[in-house]
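Residue numbers (my numbering), protein chains in the order written: chain A, 1 to 351; chain B, 1001 to 1351.
2 protein chains.
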Amino acid sequence: MAQNSKKATINDVAREAGVSKKTVSRVINKSPEVTQKTYQKVEQAIARLDYTPDPQARGLSFRRSFLFGLIYDNVNTAFIADIQDGVLDKSRSEGYELVVHPCEHGNSQWIDEVRLLIDRLKLAGVIVLPPLSENPELVKMLKGVDCEYVRILSVPLDDDAHMVQSDDRSAVAQIADHLIELGHRNIGFIHGPKGSQAAAERYAGFSDALLRNKLKLLKRNLVWGDHSFASGVVGAHKLLGGKTRPSAIVASNDEMALGAMVAAAKLGIDVPSQLSIVGFDDEPQAAKIYPSLTTVNHNLKRMGQLASEKLAALCRNQPEQAAQVQSVICLDLIVRESTAKVPPEIQGNDN
Amino acid sequence: MAQNSKKATINDVAREAGVSKKTVSRVINKSPEVTQKTYQKVEQAIARLDYTPDPQARGLSFRRSFLFGLIYDNVNTAFIADIQDGVLDKSRSEGYELVVHPCEHGNSQWIDEVRLLIDRLKLAGVIVLPPLSENPELVKMLKGVDCEYVRILSVPLDDDAHMVQSDDRSAVAQIADHLIELGHRNIGFIHGPKGSQAAAERYAGFSDALLRNKLKLLKRNLVWGDHSFASGVVGAHKLLGGKTRPSAIVASNDEMALGAMVAAAKLGIDVPSQLSIVGFDDEPQAAKIYPSLTTVNHNLKRMGQLASEKLAALCRNQPEQAAQVQSVICLDLIVRESTAKVPPEIQGNDN
DNA sequence: GTGAAAGCGCTAACAT
DNA sequence: ATGTTAGCGCTTTCAC
């Protein structure tokens, strides 16, 4: 419509519709106690004036903004972009804008900073990404403050209204099953950071599958990393340096799997004919190398969508509705080029 | 400090300091017309009450929020994460929070949507990422609206106060020089999307260097892509399919270079002994493959920092200061493993 | 240099 | 079912 000199306010609409300010306000807030007829009159006036309520003024009255916050650790940026994308999908359609807030890594004050952000901006709600979402102190703070939250997790640490959880454990079990089906018996594992529950969960899935298949969990087949590329390189070197090296390596995330691929290449070990490698996350680059990486699709975008859907419901004061939004995401095994049958010469060698 | 039951307001501070509301307001806004003494009294009261002004209320009066917007195309997510990181660095220290706004790709209404966002949230300023930043319609809209802006660009399309520019042209020239120095004479180029000025600039840098070195720009050595991985695969296949294939390939960005690496691997052409490949951007994955990719560091985080520094200055109404912040970024050639001397058997073959 | 009153655009509480 | 009054926390008049 014609861009009038000034933006229309609630007063203009009230005048135009011949009702009081408050009635317009009721319409804006979808109050049920307005006649069908008045409702329409107001709606038409709104349309005619091309009116949009001012979120700042509304917020001032409500003591609350129409902003969601995305709280994350600033380490793995590839990870957040996808979730952010999904979060935006839903939050904007629900009338919320998104403020991003990376927490300084290693700054012990980060919880206070998040509280300050919530206070200052009067955030309606926040979505917390792993690994911060695993932190019990943070959640304690969140519960004590007037701000809704939803956590994105790999472990069911909260009720359905407050989390979206990926079932990492069974996904890694799927990975192991896939390898076992290909004939692998001697499988190495590069573990994620100590302290991380997501990483622990992934290893649990690995051990589930091995035990179910009556395979031994060998100590020499487990090395520790920290989910960084570099730690994947180092971990793979350790695994591949022994006398009876594994015929397959499972890494707790794609970054480390990529590190393992590079380590194998430098050692002259061909993937997948001599060594299978699997990652976890399906980061964009997993498909953009040769051989492309077999991994598990984390559906990060979808998780972001579900999280903001839950959060919007919570902000509407409908926790039951939030709980009904899907909470657990099953992950898909994406078989690509980095896994193959176990090399015949070592078939049957299970130690 | 002790978290009192309610947040302190300007009234509490006024009472505590024994002055009027307005004087407190003057202190908050660093008005020069306040006595040194009063100033201190108020500052102390603020500290004692642990007071922070409410941005919403301030915004309502100012008709302006304390929010920056980050406007980007939702295609290349790896790209935005780094810039976002840099933008946050500076904007938060200047007292602004960041709202992110991806524009639906292919949606022709996107400029109107950006305007709506600015209007609704009364954004203090926006930072626009390429390729949207090249759009003259957008800039026209931005100039007509009460909102500061800074563009991130590869071409000098604006004055120093309103852009941060990377010198892509000379960076690609550096790349070409590097290859020529290694003995390459027959160099292929995978061009970026038609319409993109950044892509045109990069090719210009390539042609600069070749001409300066008295090498011919052969038509068969130029193929078109669109900065996607897939187009890099296709482009490299075209370049490598001919009788006298190039001994080196320059891609207009890393994504396409990664595509070229995969294409070469599938064709059984070894990189770098039989073929050198160079990218542009230094995306994280460029270093996480084997052979690792020689490329140009785009300094995205730094560009984000500079952009928000400029934007903050503009919002303070100090355009000269904004203009003085560094505007042009020089990029660094990062030599890794994907480039090597031209294979001896084809040395001297310049067509 | 400082303060009192009015108002930014909206909603809550209480009428009617 | 709708309107009136007061107020959210701050800044802008324009006095003094």
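Where a beta carbon is used, it is the ideal one built from N, C-alpha and C, also for glycine.
- Remark: fewer than three beta-carbon pairs, one from each stretch, lie closer than 8 Å, so the segment 155-165 of chain A and the segment 184-192 of chain A are not flagged as touching.
- The shortest CA-to-CA distance from Asn1029(B) to any of Gly1059(B), Leu1049(B), Gly1018(B), Asp1012(B) is the one to Gly1059(B).
- The three-state reading of DSSP puts Gln1326(B) in coil, since its state is none of H, G, I, E or B.
- Using a C-beta cut-off of 8 Å, the segment 92-112 of chain A makes no contact with the segment 324-337 of chain A, since fewer than three inter-stretch Cβ pairs fall below that distance.
- A Cβ of chain B is located within less than 8 Å of the beta carbon of Leu121(A).
- With respect to Gly205(A), Val172(A) sits close: the two C-beta atoms are nearer than 8 Å.
- At a cut-off of 8 Å between C-beta atoms, Asn74(A) counts as an interface residue with respect to chain B.
- Flagged as an interface residue toward chain A: Ala1081(B), by a C-beta distance shorter than 8 Å.
- Using a CB distance cut-off of 8 Å, Lys1030(B) does not count as an interface residue toward chain A.
- Here Val278(A) carries a strand assignment [DSSP, helix/strand/coil].
- For Ser1108(B), no CB of chain A lies under 8 Å from its own CB, so it is not counted at the interface with that chain.
- Residue burial annotation: Gln1036(B) is exposed, with fewer than 16 other C-beta atoms found within 10 angstroms of its C-beta.
- Note on the segment 1228-1308 of chain B: whole alpha helix (DSSP H) runs with a minimum of 4 residues are 1229-1241, 1254-1267, in chain order.
- With a threshold of 8 Å between beta carbons, Ser1276(B) makes no contact with chain A.
- Per DSSP, Ser1108(B) lies in no alpha helix (DSSP H) segment and is marked neither H nor E.
- At a cut-off of 8 Å between beta-carbon atoms, Gln1305(B) makes no contact with chain A.
- Looking only at Ser1196(B), Gly1125(B), Asp1089(B), Ala1200(B), the smallest Cα-Cα distance to Pro1131(B) is reached by Ser1196(B).
- A Cβ of chain A is located within less than 8 Å of the beta carbon of Phe1229(B).
- Where Glu1181(B) is concerned, there is no enclosing beta strand (DSSP E), although the alpha helix (DSSP H) around it starts and stops at 1168-1181.
- Proximity to Pro55(A) across Ser25(A), Ile83(A), Asn76(A) peaks at Ser25(A), based on C-alpha coordinates.
- Proximity of Ser308(A) to chain B, defined by a Cβ-Cβ separation below 8 Å, is not satisfied.
- Rounded to whole angstroms, the gap between the alpha carbons of Arg1202(B) and Ser1252(B) is 7 Å.
- Residue state for His1184(B) is assigned as coil, using DSSP reduced to three classes.
- In terms of Cβ geometry, Val1296(B) and Ser1338(B) do not form a close pair [threshold 8 Å].
- Within 9 Å of the CB of Lys1007(B), the CB atoms of chain A belong to Asp119, in sequence order along the chain.
- Judged by DSSP secondary structure, Val139(A) falls within the alpha helix (DSSP H) whose first and last residues are 136-143.
- Contacts with chain A (Cβ-Cβ distance below 8 Å) from the segment 1080-1099 of chain B involve Ile1080, Ala1081, Asp1082, Gln1084, Asp1085, Leu1088, Glu1097, Leu1098, Val1099, listed in chain order.
- The C-beta of Tyr1290(B) comes closer than 8 Å to at least one C-beta of chain A.
- Counting only the Cα atoms, Gly183(A) lies some 34 Å from Lys301(A).
- Around the C-beta of Gln1040(B), fewer than 16 other C-beta atoms lie within 10 Å, and the residue is accordingly described as exposed.
- Not a single C-beta of chain B is nearer than 8 Å to the C-beta of Pro319(A).
- With contacts defined by Cβ atoms closer than 8 Å, Gly1259(B) and Val1233(B) form a contacting pair.
- For the pair Val1271(B) and Met1256(B), the CB atoms are not nearer than the 8 Å cut-off.
- Counting of Cβ neighbours within 10 angstroms places Asn1221(B) among the buried residues, the total reaching 16 or more.
- A direct Cα-to-Cα measurement between Glu1043(B) and Ser1031(B) gives close to 13 Å.
- Take Val1335(B), set aside five residues on each side of it, and the residues of its chain with a beta-carbon closer than 8 Å to its own are His1178, Thr1294, in chain order.
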